[in-house]
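*Asks:* Straight run, no breaks: the sequence shown in my numbering ends on number 270.
Note that CB positions come from ideal geometry on N, CA and C, so glycine has one too.
Note that the structure is a prediction, hence the values are computed from the model and not measured.
One structure is given below, represented as structure tokens, and several questions about it will come after.
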Amino acid sequence: MVLADIQSQYDHRNLDIDRVGIKDILYPIVVKDKKNGKQSTVARINMYVKLPHNFKGTHMSRFVEVLNNHRTNIALESFKGILDDLQTVLNSEEAYIEITFPYFIEKTAPVSKLPSLMDYECTFVGISSKDKKDFTVSVKVPVISLCPCSKEISDYGAHNQRSYVTIKVRYKGMIWIEDLIEIAESSASAPIFSLLKREDEKYITEFSYDNPVFVEDIVRNAANKLLLDERVTWFEVSSENYESIHNHSAYAVIARDKRGG
10 MVLADIQSQY
20 DHRNLDIDRV
30 GIKDILYPIV
40 VKDKKNGKQS
50 TVARINMYVK
60 LPHNFKGTHM
70 SRFVEVLNNH
80 RTNIALESFK
90 GILDDLQTVL
100 NSEEAYIEIT
110 FPYFIEKTAP
120 VSKLPSLMDY
130 ECTFVGISSK
140 DKKDFTVSVK
150 VPVISLCPCS
160 KEISDYGAHN
170 QRSYVTIKVR
180 YKGMIWIEDL
190 IEIAESSASA
200 PIFSLLKRED
210 EKYITEFSYD
220 NPVFVEDIVR
230 NAANKLLLDE
240 RVTWFEVSSE
250 NYESIHNHSA
260 YAVIARDKRG
270 G
């Protein structure tokens, strides 16, 4: 018995659909790790294609088939193959993938030297069509920011808070997630750790006090490092400071295309 293929039937409304597919599927993946070679994690994945006006629908099951075929080798280098397969299997002009996952790094406390794991939110995005191939990697990094103005005018202490620095890049060659995390952490007042003993807490508190930064300083510090990195061809760096003395955040962003033109 031949089952009807409703999705491939003609649609009379004459409207292309920009993106259609599956959203928020949880899937185990393996990504490259600078220290250990590979790291297993679980990602939330969005996969879409462009649907021509003459087709009623796309074939949703084929997205998962493509994903399953590549699940042991999902990295920025393999994105082109995944996108090409999506375009071929779904007969589409354009394919889009967004993969967001926690990435873990072992960090050592500054004084006690105790190890612990820190998680960072990372996102890979790939878009492929006959006219363009576009790939970006981004990482969201928690840091400490301590206010220079508060330090200057106060007799005791200074207000400080957790901030999130998000760095998104296009690049050539190979760029490691760890490299982007280091840029973000070194641009703020101090990094954050999962495990700190009292001697570590004292060190981080004093270190951040000695390195006060506005939200503007954070994005400028990071942007300067990205401008000097020859692997990076385009970047966007933002910082959101969750102000401890206000009921709102402070925010700044810098974007630059280093390719010219």
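Comparing alpha-carbon positions, which option in 200, 249, 181, 51 lies nearest residue 241?
*Replies:* The shortest Cα separation from residue 241 among 200, 249, 181, 51 belongs to 181.
*Asks:* Restricting to runs no shorter than 3 residues, where is the beta strand (DSSP E) found entirely within the segment 112-149?
*Replies:* 124-138
*Asks:* DSSP three-state label for residue 151, please.
*Replies:* For residue 151, the three-state secondary structure derived from DSSP is strand.
*Asks:* In three-state terms, what does DSSP make of residue 182?
*Replies:* coil
*Asks:* Is the segment 213-227 touching the segment 198-205 in the sense that three or more CB pairs, one from each, lie closer than 8 Å?
*Replies:* yes
*Asks:* By the 10 Å Cβ neighbour count, where 16 or more other Cβ atoms means buried, how is residue 135 classified, buried or exposed?
*Replies:* Burial call: buried.
*Asks:* Relative to the C-alpha of residue 127, which candidate in 137, 115, 133, 266 has its C-alpha closest?
*Replies:* 115
*Asks:* I'd like the list of long-range same chain contacts for residue 76, defined as Cβ closer than 7 Å, with 5 residues on each side in sequence excluded.
*Replies:* 36, 54, 56
*Asks:* Per the DSSP calculation, residue 56 is bridged to which residue(s)?
*Replies:* 31, 106
*Asks:* To which residues does DSSP link residue 171 through a beta bridge?
*Replies:* 153
*Asks:* Let's see if you can read the secondary structure: which residues bound the beta strand (DSSP E) around residue 266?
*Replies:* 258-266
*Asks:* Please classify residue 165: does DSSP put it in a helix, a strand, or coil?
*Replies:* coil
*Asks:* Please work out which residues of its chain come closer than 8 Å, Cβ to Cβ, to residue 153, disregarding the five sequence neighbours upstream and downstream, and give them in chain order.
*Replies:* 169, 170, 171, 172, 197, 198, 199, 200, 201, 213, 217
*Asks:* By the 10 Å Cβ neighbour count, where 16 or more other Cβ atoms means buried, how is residue 163 classified, buried or exposed?
*Replies:* exposed
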